[in-house]
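For the sequence shown, position 190 matches number 249 in our numbering, and the numbering has no gaps at all.
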Amino acid sequence: MGFGVSLTTLLLSIGTGTAQASAAVHIVKIFAGFFSGVSHFRLGNFDKRIFIYLTGSGVIGGAIGAYAAVKFQEVSLITTFVSGILLLMGLLIIIKYARKKEGALEHEYETPHRRHLIPLGLVASFVDAIGGGGWGPISTPILVVNNTHPAKAIGSVNAAEFFVTLSISATFLLTLTKFEWTFILPMIIGSIIAAPLAAMITRKLPHRALGIVVGCVIIFLSLRTILKLAGVGFLF
60 MGFGVSLTTL
70 LLSIGTGTAQ
80 ASAAVHIVKI
90 FAGFFSGVSH
100 FRLGNFDKRI
110 FIYLTGSGVI
120 GGAIGAYAAV
130 KFQEVSLITT
140 FVSGILLLMG
150 LLIIIKYARK
160 KEGALEHEYE
170 TPHRRHLIPL
180 GLVASFVDAI
190 GGGGWGPIST
200 PILVVNNTHP
210 AKAIGSVNAA
220 EFFVTLSISA
230 TFLLTLTKFE
240 WTFILPMIIG
250 SIIAAPLAAM
260 ITRKLPHRAL
270 GIVVGCVIIF
280 LSLRTILKLA
290 GVGFLF
């Protein structure tokens, strides 16, 4: 989580337009998503049902969001709203995992129903496309809060992201009149190096610790986004 959000924030800070930044980040995420998804799948961080329904709805929502991003460049209000919701979810996740013992968590995990996965995929991919990030930060905490195994939530979301990103990137390339390619390759190289390592860490961490880490990361990213939108300086 945080790949798209962090890269988009960086590109916007150096003067890149919102649609251009989102398009560049999603092209990079094609490669990051492929290597991350494969790594999680090989390590067992994967649930077929979650993957299928998130992918199907995510492809549709992502295409709609990418088209909207080109037509409507101002997304700060949407970003603030989403960040506020994620901040609350991060707190709920930490409370949930801090109160449970490691062994007790195994008996509570369940796979979400498709009636929950389909709208989740639509909303998360739409926000991801229009804001440059949000697929992981939205999908993962919602799945974890609803008793999905943290490792399988992270892995399935990452695997689906490859196909969602393909849809978003194709829509951007078809609708943008011009595109800046110069900073794409360095970001692709960095993402390819990081993805397998992240999957391995996800596999090795105890469930309780992983859930708490996810919650902390969500809170940090949400606060960071809200403060930057409010004009408060941030180190990175």
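Note that CB positions come from ideal geometry on N, CA and C, so glycine has one too.
| field | For residue 175, three-class secondary structure by DSSP | value | The answer is helix: DSSP assigns residue 175 an H, G or I state.
| task | Return the chain-ordered list of same chain residues with a C-beta closer than 6 Å to the C-beta of residue 153, the five sequence neighbours on each side being excluded. | result | Cβ neighbours of residue 153 beyond the five flanking positions: 271 and 274.
| query | Expressed to the nearest angstrom, what Euclidean distance is found between the alpha-carbon atoms of residue 214 and residue 279? | reply | One Cα belongs to residue 214, the other to residue 279, and the distance between them is close to 21 Å.
| Is DSSP giving residue 290 helix, strand or coil here? | If DSSP states are grouped into helix, strand and coil, residue 290 belongs with coil.
| message | By the three-class DSSP mapping on this structure, what secondary structure does residue 264 have? | response | It is coil, neither helix nor strand.
| task | Could you check how far apart the C-beta atoms of residue 108 and residue 170 are, in whole angstroms? I think they sit under 8 Å. | result | About 5 Å separates the two Cβ atoms, so the contact holds.
| When burial is assigned at 16 or more other CB atoms within 10 Å of the CB, is residue 267 buried or exposed? | Here residue 267 is buried, its C-beta having at least 16 other C-beta atoms within 10 Å.
| message | Since residue 184 and residue 120 should fall inside the 8 Å C-beta cutoff, what is the C-beta to C-beta distance between them, to a whole number of angstroms? | response | About 4 Å separates the beta carbon of residue 184 from that of residue 120, a gap short enough to meet the 8 Å contact definition.
| Which residue comes first and which comes last in the alpha helix (DSSP H) that contains residue 217? | Segment 209–234, the alpha helix (DSSP H) holding residue 217.
| query | For the alpha helix (DSSP H) that contains residue 112, what are its first and last residues? | reply | For residue 112, the enclosing alpha helix (DSSP H) stretches over residues 107–130.
| said: On a Cα-Cα basis, can you pick out the residue from 286, 208 and 182 that is closest to residue 104? | reply: Residue nearest to residue 104 within the set 286, 208 and 182 is 208 (criterion: CA-CA distance).
| Three-state secondary structure (DSSP) of residue 170 | Note: residue 170 maps to coil in three-state DSSP.
| query | Is there contact here, the region 220–234 with the region 251–258, by at least three beta-carbon pairs under 8 Å? | reply | Contact between the region 220–234 and the region 251–258 is absent: fewer than 3 CB-CB pairs across the two stretches fall below 8 Å.
| query | So what does DSSP say about residue 155, is it helix, strand or coil? | reply | The answer is helix: DSSP assigns residue 155 an H, G or I state.
| message | My assumption, with CB atoms under 8 Å, is that residue 227 sits in contact with residue 85. Please give the rounded CB distance. | response | With a contact defined as Cβ atoms closer than 8 Å, residue 227 and residue 85 qualify at about 5 Å.
| residue 247 versus residue 179 - alpha carbon distance | Approximately 27 Å, taken between the alpha carbons.
| message | Determine whether the beta carbon atoms of residue 202 and residue 210 lie at a separation below 8 Å. | response | No, the pair does not count as a contact, with Cβ atoms beyond the cut-off.
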